[in-house]
């Protein structure tokens with residue numbers, strides 16, 4: 001089991017927890033910016049995955065007061081992950097499910113049009129694509 005570290009207490013009494021590797025990545029990326037670096041709160045997250053992983057991320061978003069956005073393939077239009085999100089968008093029309101969830105240009109387009117602050121790649125699909 002991985003160790004997690006609380007790095008931020010939120011005003012609503014909840015806390016933000018990160019894995020040590022995430023903290024290192026956050027620290028390294030913040031050192032590249034000048035002193036005027038501004039951290040904006042995440043208000044809307046697109047989960048680029050389906051199934052139980054996506055549902056768990058949606059649940060966490062709800063608990064933190066963050067809006068959740070699902071993407072779904074034509075074959076997944078009646079799946080639970082689409083229904084559990086605050087918003088849902090069709091991705092990869094006419095493509096098989098795996099190809100739809102790997103359609104990076106369309107996922108980015110949806111994220112921009114839906115005013116997304118962050119994308120959670122889930123497990124598999126995009127999380128294993130270095131070009132994403």
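Residue numbers (UniProt numbering): 1 to 132. The C-beta atom is built at its ideal place from N, Cα and C for all residues, glycine as well. Quick caveat, the model's predicted, so the values are computed rather than measured.
Taken through DSSP and simplified to helix, strand or coil, residue 102 comes out as coil. Counting along the chain, residue 44 sits inside the beta strand (DSSP E) bounded by residues 44-47. Under DSSP, the beta-bridge partners assigned to residue 119 are 46. Each residue's CA atom was taken as its position, placing residue 68 and residue 41 some 14 Å apart.
A direct Cα-Cα distance of roughly 6 Å separates residue 91 from residue 100. Assigned with DSSP and collapsed to three states, residue 108 falls in helix. In this structure residue 123 is exposed. Its beta-carbon is surrounded by fewer than 16 other beta-carbon atoms within 10 angstroms.
Considering only 66, 85 and 94, the residue with the shortest C-alpha distance to residue 75 is 94. Using a 10 angstroms sphere on the CB of residue 83, the tally of other CB atoms stays under 16, which defines it as exposed. Excluding residues up to 5 positions away in sequence, 45, 47, 49, 68, 120 and 122 lie with their Cβ nearer than 8 Å to the Cβ of residue 57 in the same chain.
Note: residue 69 is bridge-paired with 46 and 87 in the DSSP secondary-structure output. In its chain, beyond the 5 residues on either side, 42, 43 and 44 have a beta carbon closer than 6 Å to the beta carbon of residue 117.
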